[in-house]
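A quick write-up on the structure given underneath.
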Amino acid sequence: MTTTPCQNPGLYQAILARRSVRRYARDPLGADILEQVGAIVAGAKPLLPDNDFAVLTRDVAPGEDLAADLGAYGRLVTPPHYLLPYGTGEEHVWTDLGYRVEQVAVRLTELGIGTCYVGCLAREEAVRARFGLPETAHIGAFLVFGYPATSVGGRAVNSAIRRVVGAVNKLPPERIFFQGSFEYPALPDDEIAPLIEAARAAPSADNAQPWRFLWLEGMLYLFVRRHNRRYGPEHHQAYRYYDGGICMGNLSLALEALGRAGHWTMLDGEDPLLPDCPPDLEPLAKLALA
Ligand SMILES: Cc1cc2nc3c(=O)[nH]c(=O)nc-3n(C[C@H](O)[C@H](O)[C@H](O)COP(=O)(O)O)c2cc1C
Numbered sequence: 069m070t071t072t073p074c075q076n077p078g079l080y081q082a083i084l085a086r087r088s089v090r091r092y093a094r095d096p097l098g099a100d101i102l103e104q105v106g107a108i109v110a111g112a113k114p115l116l117p118d119n120d121f122a123v124l125t126r127d128v129a130p131g132e133d134l135a136a137d138l139g140a141y142g143r144l145v146t147p148p149h150y151l152l153p154y155g156t157g158e159e160h161v162w163t164d165l166g167y168r169v170e171q172v173a174v175r176l177t178e179l180g181i182g183t184c185y186v187g188c189l190a191r192e193e194a195v196r197a198r199f200g201l202p203e204t205a206h207i208g209a210f211l212v213f214g215y216p217a218t219s220v221g222g223r224a225v226n227s228a229i230r231r232v233v234g235a236v237n238k239l240p241p242e243r244i245f246f247q248g249s250f251e252y253p254a255l256p257d258d259e260i261a262p263l264i265e266a267a268r269a270a271p272s273a274d275n276a277q278p279w280r281f282l283w284l285e286g287m288l289y290l291f292v293r294r295h296n297r298r299y300g301p302e303h304h305q306a307y308r309y310y311d312g313g314i315c316m317g318n319l320s321l322a323l324e325a326l327g328r329a330g331h332w333t334m335l336d337g338e339d340p341l342l343p344d345c346p347p348d349l350e351p352l353a354k355l356a357l358a
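Quick note: to get my numbering, add 68 to the position in the sequence shown (first position is 1).
Right, dumping it as structure tokens:
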């Protein structure tokens with residue numbers, strides 16, 4: 069438990085409370101709420117402002133088979149709406165997408181709206197063609213949304229699927245956090261514990277949780293594991309960049325909620341301060357805390 073004062077407890081709680089929702093109430097959201105969703109999408113902050121970001125919003129007709137649009141998982145989720153966020157740019161586009169879309173997911177949680185990412189990394193080309201997106205568009209995942217099903221059956225489905233994908237098993241801080249060097253798995257101290265809690269709560273494809281952290285001289289380094297068994301085949305392994313961005317999104321939202329400042333720098337290779345890191349970890353970014 070953290071005792072750090074929070075300037076926006078509602079936002080911080082939403083980061084921790086967000087869960088993937090697969091069964092939704094049938095009714096679509098009202099026009100006023102959809103307007104708020106639009107404002108939330110428009111307000112998502114970029115990780116790299118040079119990347120372009122756009123979002124299509126789609127309503128789902130009752131009984132519509134979503135498999136053609138969302139892939140096989142479209143049959144398992146029954147949302148009234150979904151977003152198709154996509155990005156174009158030269159650098160870290162999947163990470164930037166994860167960063168922006170997670171802001172949307174958490175802010176929808178604040179409104180009591182449920183969400184679930186539906187990954188499409190392996191079928192990006194088909195999605196681009198189906199939705200008429202530019203050839204350079206990166207997508208990574210859809211975000212389905214709506215009010216969670218309140219029926220006993222709907223709640224049971226939601227929690228059963230979470231158990232199947234292992235989502236109730238988020239890695240403990242001492243498995244993902246290191247202090248000073250990779251020889252020392254540690255428990256984060258009070259200054260960064262609430263940030264690591266927010267990072268741990270992040271969703272990831274197949275709950276792979278690729279993120280690892282090194283706290284070194286006032287800087288929080290974020291790594292992603294190069295190979296994650298849960299992602300499956302090689303062409304799914306790039307989910308680590310998207311999920312890394314989601315984790316960064318949670319950290320930035322936590323900073324906002326806690327009233328603290330921080331600045332991300334992407335790591336494209338070496339960092340002079342970085343000690344030798346295990347070969348299975350890829351440096352993704354570092355967060356300087358004010
Ligand atoms: C990029 C990405 C793709 C995902 N794809 C799917 C999917 O296709 N179907 C699904 O049911 N859940 C999907 N999820 C949800 C994850 O299974 C879920 O986030 C993870 O198990 C953690 O659970 P939580 O979100 O409830 O914390 C995806 C999540 C992410 C971040």
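Don't be surprised by glycine CBs; every beta carbon is placed ideally from N, CA and C. Values in this document were obtained by computation on a predicted structure and should not be read as measured data.
I think residue i touches residue j, with their Cβ atoms under 8 Å apart; what is that distance to the nearest whole Å?
i      : j      : result
ALA384 : THR177 : Residue 384 is absent from the model: the chain starts at 69 and stops at 358.
PRO351 : PHE281 : The pair is not a contact, with the Cβ atoms about 11 Å apart (cut-off 8 Å).
LEU326 : GLN75  : 7 Å
PRO148 : VAL128 : 6 Å
GLY187 : ALA261 : GLY187 to ALA261, Cβ: 30 Å. No contact.
GLY155 : ASP120 : 6 Å
GLY317 : GLY180 : Incorrect: roughly 20 Å between the Cβ atoms, too far for contact.
LEU263 : LEU319 : 6 Å
LEU255 : PHE210 : In fact, because the Cβ distance is near 36 Å, the residues do not count as touching under 8 Å.
TRP283 : ALA267 : Going by Cβ atoms, the distance from TRP283 to ALA267 rounds to 12 Å, so no, they are not a contact pair.
Label residue i either buried or exposed according to how many other C-beta atoms from any shown protein chain fall within 10 Å of its C-beta, with 16 as the threshold for buried.
i      : result
GLU265 : buried
ARG90  : buried
ASP311 : buried
LYS354 : buried
LEU124 : exposed
GLU242 : exposed
VAL212 : buried
LEU189 : buried
VAL236 : exposed
GLU170 : buried
TYR252 : exposed
HIS295 : exposed
Between which two residues does the beta strand (DSSP E) carrying residue i extend?
i      : result
VAL292 : 287-293
GLN247 : 245-247
VAL212 : 209-214
PRO77  : Segment 77-85 is the alpha helix (DSSP H) holding PRO77; no beta strand (DSSP E) there.
CYS184 : 182-187
TYR154 : 149-156
PHE199 : Here PHE199 belongs to no beta strand (DSSP E); instead the alpha helix (DSSP H) covers 192-199.
GLY330 : 330-334
Given this structure, state the Cα-to-Cα distance separating residue i from residue j, to the nearest angstrom.
i      : j      : result
GLU203 : LEU152 : 15 Å
VAL161 : MET334 : 12 Å
LEU134 : HIS331 : 39 Å
PHE46  : ASP344 : No information on residue 46 is available, as it lies outside the stretch 69 to 358 that the chain covers here.
THR70  : HIS303 : Residue placement at THR70 cannot be trusted, given a pLDDT of 48 that sits under 50; what the coordinates show is reported in the next sentence. THR70 and HIS303: Cα-Cα distance of roughly 39 Å.
LEU321 : ARG94  : 30 Å
GLN247 : ARG168 : 28 Å
PRO347 : ARG293 : 9 Å
ARG298 : ARG175 : 27 Å
GLY131 : LEU115 : 37 Å
VAL195 : TYR150 : 14 Å
ARG143 : ALA136 : 9 Å
PRO240 : GLY182 : 25 Å
ALA224 : ILE101 : 26 Å
GLU158 : PHE245 : 30 Å
ILE83  : ALA270 : 8 Å
GLY222 : ASN275 : 21 Å
ALA112 : ALA122 : 11 Å
Regarding residue i and ligand 1, is the C-beta to nearest heavy atom distance less than 6 Å?
i      : result
GLY39  : Here the chain comprises residues numbered 69 to 358, so residue 39 is not present and cannot be evaluated.
SER272 : yes
ARG87  : yes
ALA267 : no
ASN318 : no
TYR141 : yes
ASN237 : no
TYR310 : yes
ASN275 : yes
ALA209 : yes
I'd like the span of the alpha helix (DSSP H) that includes residue i, first residue to last.
i      : result
GLU360 : The requested residue 360 does not occur in the structure, where the chain is confined to residues 69 to 358.
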